[in-house]
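Numbering (the numbering used here), first residue to last: 31 to 404.
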């Protein structure tokens with residue numbers, strides 16, 4: 031009897047340990063693809079990695095996830111080719127509370143979107159003005175009607191609960207052929223700031239353009255120089271960058287001479303480039319979109335919990351993505367399985383005894399009464 035009690039106690043202890051060792055609410059599952067193979071490949075190609083505001087955060091007014099997501103990302107992958115720290119975050123629809131904005135700013139986030147509103151000059155708000163790339167819901171006319179020179183941001187999510195979402199294959203193929211700069215939220219914003227920071231010093235036969243280091247990301251900036259003679263030479267302070275082809279749509283440092291005396295210069299922070307001319311110069315310049323392209327375009331991958339699932343449909347497309355990472359929460363603990371195991375443990379001996387008793391009764395009925403011979 032004592033052995034039975036001891037065995038039962040040991041089993042119940044094991045079951046109790048199994049229950050208490052289950053993941054509790056607030057524990058998260060890591061995406062191994064983020065820091066291995068897929069994440070690095072997307073980073074090298076020009077994608078960006080930012081954070082996503084969980085839907086529950088605004089309801090609970092708990093903004094601890096901001097620093098947690100930043101640490102999670104920073105420990106696995108750089109945010110961009112141009113900078114290590116994430117600056118972009120997907121935020122909920124409507125106005126952002128001041129407390130939330132303060133938390134974001136203190137954590138280094140400066141780009142928010144894409145359904146939010148804010149007049150806080152600490153942030154650049156990205157708007158979802160290009161619709162979605164989801165099959166059946168995409169709207170090409172939204173993209174075509176965008177003002178020239180602005181960023182077009184589209185929406186993508188690969189899975190909602192247990193339902194997989196299909197991309198609009200025709201839209202993706204059409205976008206891939208357009209005269210757009212394939213960029214990301216943070217790249218677009220930091221390129222604008224970098225472009226606006228470029229200064230010029232001129233004399234009669236030369237002009238030197240300088241791009242200071244801003245300390246955000248090391249994103250190149252672009253200026254359009256007008257009234258440039260055809261007979262010029264360029265002298266870079268560091269690397270002698272190759273000319274840009276007209277159809278290049280991924281940001282890099284370089285230059286492109288266009289018709290009618292136009293010259294596009296894309297200069298990295300900390301570098302200078304001097305234009306030398308045999309003739310006196312009377313140039314003008316202004317910040318420009320990269321390579322003189324029509325628009326910037328990016329796809330924001332919202333609630334990205336698995337890089338393989340979210341990116342697999344776009345493996346061969348030249349489009350660039352802003353991946354807004356959200357760690358998937360592990361399921362809350364449940365007593366169903368442990369209780370079911372206990373029930374089976376209790377029921378099994380009873381059933382076995384019943385089977386044995388029935389079997390003995392059956393054997394007696396077959397053999398009949400015992401016969402004693404004299």
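We put the CB at the ideal spot given by N, CA and C, even for glycine.
Apart from the five residues on each side of it in sequence, which residues of its chain come closer than 6 Å, Cβ to Cβ, to residue i?
i, result
"residue 235", "307"
"residue 219", "141, 154"
"residue 260", "none"
"residue 351", "77, 329, 331"
For residue i, which beta-bridge partners are listed by DSSP?
i, result
"residue 204", "DSSP lists no partner for residue 204."
"residue 105", "Answer is none; residue 105 lacks a bridge partner."
"residue 325", "210"
"residue 243", "DSSP output for residue 243 lists no bridge partner at all."
"residue 334", "355"
"residue 81", "119, 355"
"residue 285", "273, 295"
"residue 317", "253"
Residues in its own chain within less than 8 Å of residue i by CB, not counting five upstream and five downstream?
i, result
"residue 199", "165"
"residue 292", "254, 255, 256, 258, 322"
"residue 210", "182, 279, 323, 324, 325, 326, 327"
"residue 107", "64, 65, 69, 70, 73, 79"
"residue 122", "83, 85, 88, 145, 146"
"residue 158", "143, 144, 145, 183, 184, 185, 330"
"residue 148", "125, 126, 131, 142, 155"
If you compare alpha carbons, which of the options is closest to residue i?
i, options, result
"residue 167", "356, 103, 187, 348", "187"
"residue 301", "239, 75, 340", "239"
"residue 98", "203, 70, 60, 72", "60"
"residue 160", "108, 184, 193", "184"
"residue 137", "117, 225, 263", "117"
"residue 346", "312, 75, 90, 296", "75"
"residue 268", "299, 247, 261", "299"
"residue 152", "171, 96, 177, 126", "126"
"residue 109", "86, 315, 178, 247", "247"
"residue 244", "228, 287, 237, 339", "228"
"residue 213", "241, 272, 179", "179"
"residue 348", "294, 208, 170", "208"
"residue 318", "233, 225, 162", "225"
"residue 192", "383, 344, 343, 339", "339"
"residue 95", "270, 111, 139", "139"
"residue 62", "100, 91, 105", "105"
"residue 223", "344, 266, 320", "320"
Please classify residue i: is it buried, with 16 or more other beta-carbons within 10 angstroms of its beta-carbon, or exposed?
i, result
"residue 135", "exposed"
"residue 364", "At residue 364 the pLDDT is 49, less than 50, meaning the model places this residue with poor confidence; the figure from the coordinates comes in the next sentence. Looking at its Cβ environment, which holds fewer than 16 other Cβ atoms inside 10 Å, residue 364 is exposed."
"residue 310", "exposed"
"residue 128", "exposed"
"residue 78", "buried"
"residue 190", "exposed"
"residue 143", "buried"
"residue 303", "buried"
"residue 156", "buried"
"residue 233", "exposed"
"residue 341", "buried"
"residue 120", "buried"
"residue 162", "buried"
"residue 175", "exposed"
Can you find the residues in the same chain that come closer than 7 Å, C-beta to C-beta, to residue i, ignoring five residues on each side of it along the sequence?
i, result
"residue 130", "93"
"residue 150", "131"
"residue 263", "306"
"residue 102", "357"
"residue 297", "228, 239, 241, 250, 251, 283, 303"
"residue 316", "253, 254"
"residue 287", "293"
"residue 115", "104, 109, 138"
"residue 133", "93, 96"
Query - Inter-stretch contact at 8 Å, needing at least 3 Cβ pairs: the segment 329–337 / the segment 269–285 - result: no
Query raised in the report: Looking at C-beta atoms only, is the number of pairs between the segment 74–83 and the segment 342–359 that lie closer than 8 Å three or more?
Result: The answer is yes - the segment 342–359 touches the segment 74–83, with three or more Cβ pairs under 8 Å.
**Report entry** Three-pair Cβ contact test at 8 Å for the segment 190–205 versus the segment 282–291
**Finding:** no
Query - Given 8 Å, three or more beta-carbon pairs between the segment 213–231 and the segment 188–198 - result: No, the segment 213–231 is not in contact with the segment 188–198.
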